[in-house]
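Peer 1: Residue numbers (this note's numbering): 39 to 126.
Every residue gets a Cβ at the ideal spot worked out from N, C-alpha and C, and that includes glycine.
Just so you know, these numbers come straight off a predicted model, no measurement behind them.
(1) Have a look at the DSSP bridge pairing and note the partners of residue 93.
(2) Kindly indicate which residue of 75, 59, 43 and 69 has the alpha-carbon position closest to the one of residue 112.
(3) Could I get the ranges of all uninterrupted beta strand (DSSP E) runs contained in the region 49 to 83, with 3 residues as the minimum, in chain order?
(4) Within the same chain, show all residues whose beta-carbon is closer than 6 Å to that of residue 43, passing over the 5 residues directly before and after it, in chain order.
(5) Decide if residue 114 is buried, meaning its Cβ has at least 16 other Cβ atoms within 10 Å, or exposed.
(6) Tell me the DSSP bridge mates of residue 122?
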């Protein structure tokens, strides 16, 4: 099982989300532990890891659209949620 963690900036943003938005983001974090290769790939400067984004629609969050940007390292078998970007 892959481990998935929030970075400090993502933790800070998480506290600013509504309860339903937080629940949707937490659901993504848990699902990354089962399938770390979900979402759309992003350019990554580190050949030992892979950056990706999972986009949540307002219908999924009960609020705003949210992009969950994370990096997956196969060597560590871990995901780090780097940023949460909430739309209008």
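Peer 2: Taking the coordinates as given:
(1) Translated into positions along the chain shown, residue 93 becomes position 55. Answer by DSSP bridge pairing, in chain order: 105.
(2) As a working mapping, residue 112 is identified with position 74 in the chain shown. Of 75, 59, 43 and 69, the residue nearest in Cα terms is 75.
(3) Counting only runs of 3 or more, we get 78 to 80.
(4) For the purposes of this step, residue 43 is taken as residue 5 along the chain shown, with counting starting at 1. Closer than 6 Å at Cβ, skipping near neighbours: 118.
(5) Walking along the chain shown from the start, residue 114 turns up at place 76. Result: exposed.
(6) In the chain shown, residue 122 corresponds to position 84, counting from 1. BP columns for residue 122 point to 106.
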